[in-house]
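Residue numbers (UniProt numbering), protein chains in the order written: chain D, 1 to 213; chain G, 1 to 213.
Structure, rendered in structure tokens:
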């Protein structure tokens, strides 16, 4: 059995749930908020010294952290990870793009809008974060204008990694209006077998998001 | 033949050179500065729409971007990438840690110190970047206090990924004085077969670094 430590509305955590559902693996979900220090208690730091979620724990106590590394491990031997080394490297390339050029802008803008006070000084960062978010989306739109998926010719873990925060970009004030190929790709993903949607933010976060945009 | 497009003093680019040297693969290096727009010309954007280096190009024109994805591709079938899926996932976990929790602080502090004017407004970010750099180093120190390498029981691509900017952390004003296990690990890497050191910054960058710290 795999135990997932995660915060339900986090895209990084949802990636893991989505793939586990789609490959049909049993798992147990342990909810840990990442906005109130719950991921940095002594017990949690003993499991993941970087103090973040998601991470997974096996029955023998072994731990694996970093959402995209977890996706790679779960996907080994399934159709979600290409066998061909070049295609596998392309999938990883998009996953590193996601963590370096996409998530730090789109996910952080969303977090600031929904999970920080309306007068947080971090909100001064939003214009820059939104500008960089659109740069990442433009790179994705260009790829999706010529390809159905990010991983070779079928849906896979690079799509899951990029789906997680793209599908809720509007929570951070980043509109997908000018990205028709991205919107079509999101719709295709929602039709894949075993798909589960991102959980909605709770009422407090939803109210902050509504006030922010 | 592999063509590497890279900026010599960039740690992300040096990763690729170091592994190519250590596995003994032939390659051609095309120098492209990343601080003057050379990576964002129309010709370069046609190859890598994300406008960054490093990326590699094969003789048939295929391109692979993102330093750690390139490492993974080059390392396939060599001792630098574990075969065991769990160990391979652990290597990837450290590589995603590097790109999300390490490089955006240690490499960016170094870039600001060496490659922006001494009166750049970006220098106001340095205290925060240095604080986060030390958080990443503390996670590495904890691991290296109990393990010789980041990839199972031998030197591999996770070590190369983390080596690149750790070995020049002091350029950004981030001292390794309090991390003896990290310093021992850097020394072990410098003794591995085929090792090539990070190129020194040019005179202009060296002068800015000296003024910054």
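For each residue, glycine too, the CB sits at the ideal point set by N, CA and C. Small disclaimer: the values here were computed from a predicted structure and weren't measured.
Cut-off 8 Å between Cβ atoms - residues of its own chain near residue i, not counting five sequence neighbours on either side
i: residue 53(D); result: 5, 6, 7, 10, 12, 13, 32, 34 and 39
i: residue 206(D); result: 114 and 200
i: residue 44(D); result: 5, 32, 38 and 51
i: residue 120(D); result: 112
Delimiting residues of the alpha helix (DSSP H) encompassing residue i
i: residue 5(G); result: Counting along the chain, residue 5(G) falls outside any alpha helix (DSSP H), though it belongs to the beta strand (DSSP E) covering 2–6.
i: residue 118(D); result: That residue, residue 118(D), is in no alpha helix (DSSP H); it is neither H nor E in DSSP.
i: residue 150(G); result: Neither: residue 150(G) is in no alpha helix (DSSP H) and is coded neither H nor E.
i: residue 139(G); result: 126–144
i: residue 21(G); result: 11–23
i: residue 43(D); result: 42–47
i: residue 92(G); result: 85–97
i: residue 212(D); result: 203–212
i: residue 187(G); result: 180–190
Contacting residues, own chain, Cβ-Cβ under 6 Å from residue i (five flanking each side not counted)
i: residue 137(D); result: 179
i: residue 212(D); result: 113
i: residue 2(G); result: 27 and 56
i: residue 118(G); result: 211
i: residue 199(G); result: 8 and 9
i: residue 152(G); result: 82 and 87
i: residue 95(G); result: 68, 158 and 161
i: residue 233(G); result: What the structure shows of chain G is the stretch from 1 to 213, and residue 233(G) is not part of that stretch, so it cannot be assessed.
Residue closest to residue i, alpha-carbon to alpha-carbon, out of the options
i: residue 135(G); options: 104(G), 121(G), 154(G) and 123(G); result: 104(G)
i: residue 76(G); options: 92(G), 62(G), 112(G) and 141(G); result: 92(G)
i: residue 111(G); options: 126(G), 99(G) and 100(G); result: 126(G)
i: residue 107(D); options: 187(D), 120(D), 85(D) and 132(D); result: 132(D)
i: residue 29(D); options: 42(D), 15(D), 37(D) and 41(D); result: 15(D)
i: residue 24(D); options: 206(D), 203(D), 193(D) and 207(D); result: 193(D)
i: residue 78(G); options: 45(G), 156(G), 209(G) and 205(G); result: 156(G)
i: residue 209(G); options: 191(G), 190(G), 189(G) and 174(G); result: 174(G)
i: residue 167(G); options: 202(G), 102(G), 142(G) and 124(G); result: 102(G)
i: residue 90(G); options: 188(G), 149(G), 171(G) and 189(G); result: 149(G)
i: residue 202(G); options: 189(G), 188(G) and 171(G); result: 171(G)
i: residue 164(G); options: 146(G), 154(G), 189(G) and 142(G); result: 189(G)
i: residue 154(G); options: 37(G), 59(G), 84(G) and 124(G); result: 84(G)
i: residue 46(G); options: 59(D), 61(D), 42(D) and 142(D); result: 142(D)
Cβ separation of residue i and residue j, assumed to be a contact under 8 Å, to the nearest whole Å
i: residue 176(D); j: residue 169(D); result: 6 Å
i: residue 21(D); j: residue 196(D); result: 5 Å
i: residue 97(G); j: residue 68(D); result: With a Cβ gap of about 11 Å, residue 97(G) and residue 68(D) do not count as contacting.
i: residue 129(G); j: residue 158(G); result: With 8 Å as the limit, residue 129(G) and residue 158(G) do not qualify as a contact, their Cβ atoms being about 23 Å apart.
i: residue 191(D); j: residue 99(G); result: Not really, about 31 Å apart at Cβ, beyond 8 Å.
Neighbourhood of residue i by C-beta, 7 Å cutoff - its chain only, sequence neighbours within 5 removed
i: residue 73(D); result: 64
i: residue 88(D); result: 81 and 82
i: residue 160(G); result: 15, 18, 19 and 71
i: residue 144(D); result: 181, 182 and 185
i: residue 122(D); result: 112 and 116
i: residue 48(D); result: 55, 63 and 65
i: residue 59(D); result: 1
Where the beta strand (DSSP E) through residue i begins and ends
i: residue 163(G); result: Counting along the chain, residue 163(G) falls outside any beta strand (DSSP E), though it belongs to the alpha helix (DSSP H) covering 157–166.
i: residue 30(D); result: 27–31
i: residue 58(D); result: Residue 58(D) -> no beta strand (DSSP E), and no H or E assigned at all.
i: residue 65(G); result: 63–65
Chain C within 9 Å of residue i, Cβ atoms only
i: residue 49(G); result: The chain inventory of the structure shown lacks chain C, comprising the protein chains D and G.
Practice item. Check distances from the C-beta atoms of the UniProt domain "GST C-terminal" (84–208) of chain G to those of chain D and list, in chain order, the residues that come in under 9 Å. Key: 85, 86, 88, 89, 90, 91, 92, 93, 94, 95, 96, 97, 99, 100, 101, 103, 104, 135, 136, 138, 139, 142 and 143
**Study point:** Within 8 Å of chain D by C-beta, residues of the stretch 16–28 of chain G in sequence order
**Key:** Correct list: empty, as no residue qualifies.
Check your understanding: Between the stretch 60–71 of chain G and chain D, which residues of the former have CB atoms less than 9 Å from a CB of the latter, in chain order?
Key -> 62, 64, 65, 66, 67, 68, 69 and 70
Check your understanding: Name the residues in the stretch 28–43 of chain D whose C-beta lies less than 9 Å from a C-beta of chain G; which are they?
Key -> none
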